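K.L.:
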Amino acid sequence: MLKKTTFAAALLAATVLSGAASAKTFVYCSEGSPEGFDPGLYTAGTTFDAAAHTVYNRLLEFKKGTTETEPGLAESYTVSDDGLEYTFKLRPGVKYQTTEFFTPTRDFNADDVVFSFDRQLKADNPWNKYVTGASWEYAAGMGFPEVIKSVEKVDDLTVKITLTRKEAPFLANVAMPFASIVSKEYADKLQADGKMNQMNQMPLGTGPFAFVAYQQDAIIRYKANPDYWGGKQKIDDLVFAITPDASVRYQKLKAGECHLMPFPNAADVAAMKADTNLKVVEQEGLNVAYLAYNTTQAPFDKPEVRKALNQAINKQAIVDAVFQGAATPATNPIPPTMWSYNKAVEDDKYDPEASKKGLEAAGVKDLKMKVWAMPVSRPYMLNARRAAELIQSDFAKVGVTVEIVSYEWAEYLDKSKAKDRDGAVMLGWTGDNGDPDNFLDTLLGCDAVGGNNRAQWCNKEFDDLVTKAKETSDIAERTKLYEQAQVVFKKDAPWATIDHSLSIVPMRKGVEGFVQSPLGDFAFDGVDITE
Amino acid sequence: MLRFLLGRLAVLIPTFIGVSIIAFSFIRLLPGDPVALLSGERVMSPERHAEISAELGFDRPIVIQYLDYLWGVVRGDFGTSIVTKKPVVDQFFELFPATVELSLCAIVFAIVLGVPAGIVAAIKRGSFADQAMMGTALVGFSMPIFWWGLLLIMLVSGMLGWTPVSGRISLMFYFPPVTGFMLIDSLLSGQAGAFKSAVSHLILPTIVLGTIPLAVIARQTRSAMLEVLSEDYVRTARAKGLSTFRVVGVHALRNAMIPVVTTVGLQVGVMLAGAILTETIFSWPGIGKWMVDSVSRRDYAVIQGGLLMIAAVIMLVNLAVDLMYGLINPRIRH
């Protein structure tokens with residue numbers, strides 16, 4: 001009976017979807033499989049592309065192509081004078097998606113917002129541990145458990161979030177994928193049916209696309225949400241064809257098997273640009289690659305030594321060799337596309353002679369050091385080994401002998417944060433929310449020493465500026481503070497800033513309306529196909 | 532025969548326990564911390580790390596963790612993936628049919644081409660055909676799978692447009708999986724063109740995965756045939772005036788097939804290893820890529836469970852090969 005039912009369902013689906021061949025289907029050759037479909041549980045961009053930017057919305061959204069926030073599920077908000085209370089007015093009439101697995105009976109309301117935050121923050125919420133190892137890592141990483149005191153429903157369309165301290169980046173944080181709003185009604189139904197796991201496998205939200213099916217490691221299917229509050233999409237169906245290999249993605253794009261692909265091989269970009277059937281858009285990524293000295297270990301505890309070494313590195317050569325030009329040499333620890341980027345800061349010029357003299361003046365002779373090279377390719381550093389070899393060669397010219405070391409990725413991340421670590425570590429960062437705090441405090445703050453602060457650099461002047469900026473809500477004032485912080489950073493040189501890579505997105509000529517996100521997200525609302 | 536079978540099955544139990552110990556301990560010997568990896572490049576506080584480790588049971592003595600795991604396996608519970616939060620068994624059976632389908636096609640491809648090539652090479656020993664075939668086999672054996680796969684995609688799919696680039700079926704077809712085998716499911720779906728699409732998607736991955744086994748089988752068949760063809764009973768058969776076809780096809784081939792069958796059995800393990808690369812190149816959703824991803828994420832439950840289930844499959848295939856000896860050569864009786 002079961003088999004008959006399954007077969008009948010298959011036939012029905014076939015009949016219904018045979019018409020789908022004529023529907024407008026947009027195919028995205030994604031680079032990997034999502035870990036799951038509950039954005040709160042994960043930290044990877046691949047998962048957010050598949051779950052957060054398709055199915056869900058957030059109280060605030062990032063305006064397309066920028067890191068500025070705009071109203072999402074919240075139409076507006078007010079902040080109390082003491083900067084601790086945020087009151088969000090919710091958008092009325094927002095419908096949840098109607099799918100084969102759930103039919104909502106009510107619109108989005110304040111209960112959903114309270115539930116979405118509480119499940120991540122309160123250990124006694126039944127959804128806090130609804131899957132094995134649910135650690136809500138992103139919320140923890142952004143400090144939500146410490147920063148958020150309470151999330152309360154004022155009325156059906158008003159929510160008040162109270163903070164424990166002033167936190168200027170909070171508004172950007174609520175626009176991040178992990179803060180997606182889930183349906184409490186759907187959650188209650190799953191809980192009552194004993195199917196809580198389904199929240200992570202069959203997502204349901206208010207977003208532009210409704211989840212249809214996922215075949216593990218192969219295909220994710222969505223259909224346009226006809227009730228979407230932002231209007232129905234121009235495409236009917238959205239398909240993620242999971243294609244891990246970049247060369248194969250390119251072949252699929254060329255063959256017309258997909259419309260858009262992420263992360264091309266740098267070596268293929270020139271051919272892509274020359275192909276008349278394709279177009280390539282590029283944008284400076286919100287990232288930085290750096291070489292972090294251990295500023296607690298001699299001789300790297302002296303700023304003059306670090307500055308001298310920085311002068312020995314030919315960044316342009318690294319950009320040319322590793323990125324084939326698809327990156328820019330980095331001056332500051334934040335990318336130029338980010339507000340508060342200090343254009344007045346001058347980079348340490350590549351000057352081996354000056355570097356030699358600087359080292360001599362600092363009393364450094366026959367220095368031997370380790371340079372750590374990441375074992376993996378990351379968007380901000382495609383080939384760390386190659387970059388390390390170039391640095392090794394640059395340092396040799398000023399009399400510094402470099403031993404390149406590398407470890408397995410998990411071990412690399414773990415060992416590199418040790419306070420007594422030997423040598424300079426190559427690493428990088430991709431911004432989460434477009435706020436400078438997400439780079440400057442996260443990577444260089446005193447609290448991050450022994451953690452994300454791989455330089456183990458605790459500079460009081462810098463830390464005071466960054467902390468003050470975090471507590472100030474006025475953007476102009478924050479900008480000034482961050483600009484000063486960058487000056488302090490450059491003067492003290494805890495890192496050699498290496499590059500900001502470009503984000504390159506090739507697509508078929510007929511793709512319209514795709515807007516590149518500086519945050520590296522791939523979102524397909526508003527996209528159309530004309531070919 | 533029954534006694535032999537029961538004996539072999541009994542041996543599987545200690546082997547299975549041995550594999551479970553190796554799988555369990557080796558993955559833990561690798562550097563890297565699965566809990567720390569959950570937060571990516573962001574650093575997790577020591578308190579939080581301890582809390583999550585305790586929740587996942589990683590703070591207990593290793594022996595207790597192992598015994599707990601083994602007890603779960605006995606009850607059919609292979610654990611839950613730390614990444615996808617899904618039971619390992621569910622994921623395995625969702626992905627395994629894709630690997631089996633590809634491996635079966637590849638081994639059939641290898642046998643169908645490899646055995647005749649080996650026979651012809653043996654009969655025409657020293658000829659141009661022999662040298663060409665064995666030379667090609669050597670090239671096939673030496674070919675890096677990754678390179679071979681990309682080359683075929685660029686030539687056959689990209690330039691000639693004869694086959695699709697990757698995947699299991701065209702995205703235009705959608706039907707819920709019934710058996711997990713795309714060839715069967717596409718037929719069951721009743722959708723016009725679905726089966727043809729599934730077949731066309733199988734061609735390149737089959738060739739790529741089957742190339743090395745094809746080369747091995749061809750060389751093994753040739754050398755086994757050469758040995759058998761020089762036997763007295765073959766000379767006698769020829770002296771009796773039997774046709775070459777009968778001498779080779781009946782008298783020689785049957786005896787030469789025993790080492791070939793062994794080779795085919797061994798190729799199953801090789802194929803599962805090769806499937807990792809083939810699946811990655813052709814975006815083929817099988818267990819190979821799943822396992823590799825799990826190693827890089829230190830997803831202990833998936834690696835342990837996946838290895839155990841793969842080991843079980845290989846052990847069963849070897850058992851089947853042993854049983855086949857008796858069918859091929861009646862003198863071998865268990």
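So the sequence lines, in the order shown, correspond to chains A and B. Just so it is clear: in the first sequence, position 91 is 91 by my numbering, and no numbers are missing. One gets my numbering by counting positions in the second sequence from 1 and adding 531 to each. Idealized CB from N, CA, C, for every residue including glycine. Fair warning: this is a prediction, and the values are worked out from it, not measured in the lab.
(1) Can you give me, in chain order, the residues of the segment 593-617 of chain B that have a beta carbon less than 8 Å from any beta carbon in chain A?
(2) Does A/Ala21 have its Cβ less than 7 Å from a Cβ in chain B?
(3) Measuring straight from C-alpha to C-alpha, what distance separates B/Ser612 and B/Met822?
(4) Give the residues from the segment 214-225 of chain A that approach chain B closer than 9 Å (Cβ to any Cβ), ordered along the chain.
(5) Output, in sequence order along the chain, the residues in the segment 674-693 of chain B whose CB is closer than 8 Å to any CB in chain A.
(6) Mapping DSSP to helix, strand and coil, what is B/Ser584?
(7) Exposed or buried, what is A/Phe489 when buried is set at 16 or more other beta-carbons lying within 10 Å of its beta-carbon?
(8) Can you tell me whether A/Thr530 is helix, strand or coil according to DSSP?
(9) Measuring from the CB of B/Ile818, is there a heavy atom of the ligand NAD at a distance below 6 Å?
(10) With a floor of 4 residues, list each alpha helix (DSSP H) that falls wholly inside the segment 241-317 of chain A, ordered by position along the chain.
(11) For A/Glu563, tell me which candidate among A/Ile391, A/Leu382, A/Ala373, A/Gly399 has the shortest Cα-Cα distance.
(12) Taking the alpha carbon of A/Gly513 as the point to measure from, which residue in A/Ile334, A/Ala410, A/Gln233, A/Leu163 has its own alpha carbon closest?
(13) Judging by CA-CA distance, which residue of A/Gln97, A/Val79, A/Leu204, A/Gly83 is the nearest neighbour of A/Lys89?
(14) Nearest-angstrom Cα distance between B/Lys727 and B/Ala832?
(15) Which word fits B/Trp487, buried or exposed, when buried means at least 16 other C-beta atoms lie within 10 angstroms of its C-beta?
(16) Report, in whole angstroms, the separation of the C-beta atoms of A/Asp528 and A/Ile235, which I expect to be a contact under 8 Å.
(17) What are the residues of the segment 285-296 of chain A that lie near chain B, defined by any Cβ-Cβ distance shorter than 9 Å?
(18) CA-CA distance, B/Leu854 and A/Asn57?
(19) Count the other CB atoms within 10 Å of the CB of B/Leu598; is the residue buried (16 or more) or exposed (fewer)?
(20) Taking A/Arg378 as the reference, which of A/Lys24, A/Glu31, A/Phe26 has the closest Cα?
(21) From B/Gln751 to B/Met665, what does the alpha carbon distance come to, in whole angstroms?
(22) Could you name the residues of the segment 762-785 of chain B whose beta carbon sits closer than 8 Å to any beta carbon of chain A, in the order they occur along the chain?
(23) Assuming A/Glu70 contacts A/Leu60 (C-beta within less than 8 Å), just tell me the rounded distance between them.
(24) Can you tell me where the beta strand (DSSP E) with B/Ser754 in it begins and where it stops?
(25) Does the CB of B/Gly563 have a neighbour CB from chain A at under 7 Å?
(26) Compare the C-beta of A/Val449 with all C-beta atoms of chain B and state if any pair is closer than 7 Å.
(27) Just mark B/Pro628 as buried or exposed, buried being the case when its beta carbon has 16 or more other beta carbons within 10 Å.
(28) Measure from the C-beta of B/Ala567 to each C-beta in chain A and report whether the shortest distance is under 7 Å.
(29) Between the segment 810-831 of chain B and chain A, which residues of the former have CB atoms less than 9 Å from a CB of the latter, in chain order?
(30) Given this structure, state the Cα-to-Cα distance separating B/Gly724 from A/Phe26, to the nearest angstrom.
(31) Which of helix, strand or coil does DSSP assign to A/Gln201?
(32) When you compare the CB of A/Ala179 with every CB in chain B, is at least one pair closer than 7 Å?
(33) Which runs of the alpha helix (DSSP H) fall wholly inside the segment 650-737 of chain B and span at least 4 residues, in chain order?
(34) Give the straight-line distance between the Cα atoms of A/Gly133 and B/Leu587, rounded to the nearest whole angstrom.
(35) Suppose you measure from the CA of A/Thr47 to the CA of A/Leu121; what does that come to, to the nearest Å?
(36) Who does A/Tyr28 pair with in a DSSP beta bridge?
P.N.:
For this structure:
(1) Thr611, Ile613, Val614, Thr615, Lys616, Lys617
(2) Low confidence applies to A/Ala21: its pLDDT is 45, below 50, so where it sits in the model is not reliable enough to give any reading.
(3) 11 Å
(4) Gln215, Gln216, Asp217, Ala218, Ile219, Arg221
(5) Leu681, Ile684, Met685, Ser688, Gly689, Gly692
(6) helix
(7) buried
(8) coil
(9) For the ligand NAD, the structure offers nothing, since it holds no ligand at all.
(10) 246-254, 269-274, 303-312
(11) Coverage of chain A is limited to positions 1 through 531, which leaves residue 563 of chain A absent and any answer about it impossible.
(12) A/Gln233
(13) A/Val79
(14) 37 Å
(15) Nothing about residue 487 of chain B can be read from this structure; chain B reaches only from 532 to 865.
(16) 6 Å
(17) none
(18) 59 Å
(19) exposed
(20) A/Glu31
(21) 11 Å
(22) none
(23) 7 Å
(24) Here B/Ser754 belongs to no beta strand (DSSP E); instead the alpha helix (DSSP H) covers 725-760.
(25) yes
(26) no
(27) buried
(28) yes
(29) Glu810, Thr811, Ile812, Phe813, Ser814, Trp815, Pro816, Gly817, Lys820, Trp821, Asp824, Ser827, Arg828, Arg829
(30) 21 Å
(31) coil
(32) no
(33) 659-673, 676-683, 713-720
(34) 6 Å
(35) 21 Å
(36) A/Phe240, A/Leu260
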